[in-house]
Amino acid sequence: MKKLAFVICLFMSFQLFSQAQAEVTKENICRGAAISVVANVKPFLENGIPKSEVLQMGKELVKEVIKDAPAKAYDLLKAKKSRDEVIEILYNDFMKLDEKTVLNFLLKPDTDDFEDEEDDY
């Protein structure tokens, strides 16, 4: 059930990001990644899921270069920072990365979706 909720949150955040940000820029990638991380961590924190489980699921979401982002989001949200404040903090962290790294994207693609699409053709 937890994994299903995680997948649904992940899908919704990617959908929102792709609809709202059609242009691929460093700023858009960083903002989308920050929104996605917070959108995936916050519901689990609110439902009392232990940090270790949230971080394990976070490993499936983010690339190595921002591997600490889910933990930072968890800690900031637990410290009662607002969703928008945490997004802004992560966004600023991600913007410090070099452009080449960011343009290779910060989130891991959901390879299951790609495999399903290939099977349809």
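Heads up: the sequence shown is residues -22 to -1, 1 to 99, going by mature numbering (1 follows the signal peptide of the UniProt record, and there is no 0). Every residue, glycine too, gets a C-beta built ideally from N, C-alpha and C.
Whether residue i touches residue j by CB criterion (8 Å)
{"i": "isoleucine 7", "j": "leucine 84", "result": "yes"}
{"i": "alanine 57", "j": "valine 15", "result": "no"}
{"i": "alanine 11", "j": "phenylalanine 72", "result": "yes"}
Limits of the alpha helix (DSSP H) - the one that residue i falls within
{"i": "alanine 47", "result": "47 to 56"}
{"i": "phenylalanine 83", "result": "No alpha helix (DSSP H) holds phenylalanine 83; DSSP gives it neither H nor E."}
{"i": "lysine 4", "result": "4 to 24"}
{"i": "glutamate 39", "result": "The sequence given here has leucine at residue 39, not glutamate. Note, leucine 39: premise wrong, no alpha helix (DSSP H); not H, not E."}
{"i": "leucine 68", "result": "61 to 73"}
Cβ-based neighbour list, residue i, same chain, cut-off 6 Å, excluding 5 preceding and 5 following
{"i": "lysine 4", "result": "Glu77 and Val80"}
Identity of the residue in the options nearest residue i by Cα
{"i": "asparagine 82", "options": "Leu68, Gly26 and Val43", "result": "Val43"}
Integer Cβ distance of residue i from residue j, believed to fall under 8 Å
{"i": "glutamate 40", "j": "valine 19", "result": "The question names glutamate, but residue 40 is valine in the sequence shown. In fact, because the Cβ distance is near 11 Å, the residues do not count as touching under 8 Å."}
{"i": "leucine 23", "j": "alanine 47", "result": "So it is not a contact: roughly 14 Å between Cβ atoms."}
{"i": "lysine 86", "j": "glutamate 38", "result": "7 Å"}
Cβ-based neighbour list, residue i, same chain, cut-off 8 Å, excluding 5 preceding and 5 following
{"i": "leucine 54", "result": "Glu63, Val64 and Ile67"}
{"i": "valine 2", "result": "Leu81"}
Residues near residue i by beta carbon distance below 7 Å, same chain, minus five either side
{"i": "arginine 61", "result": "Val16 and Lys20"}
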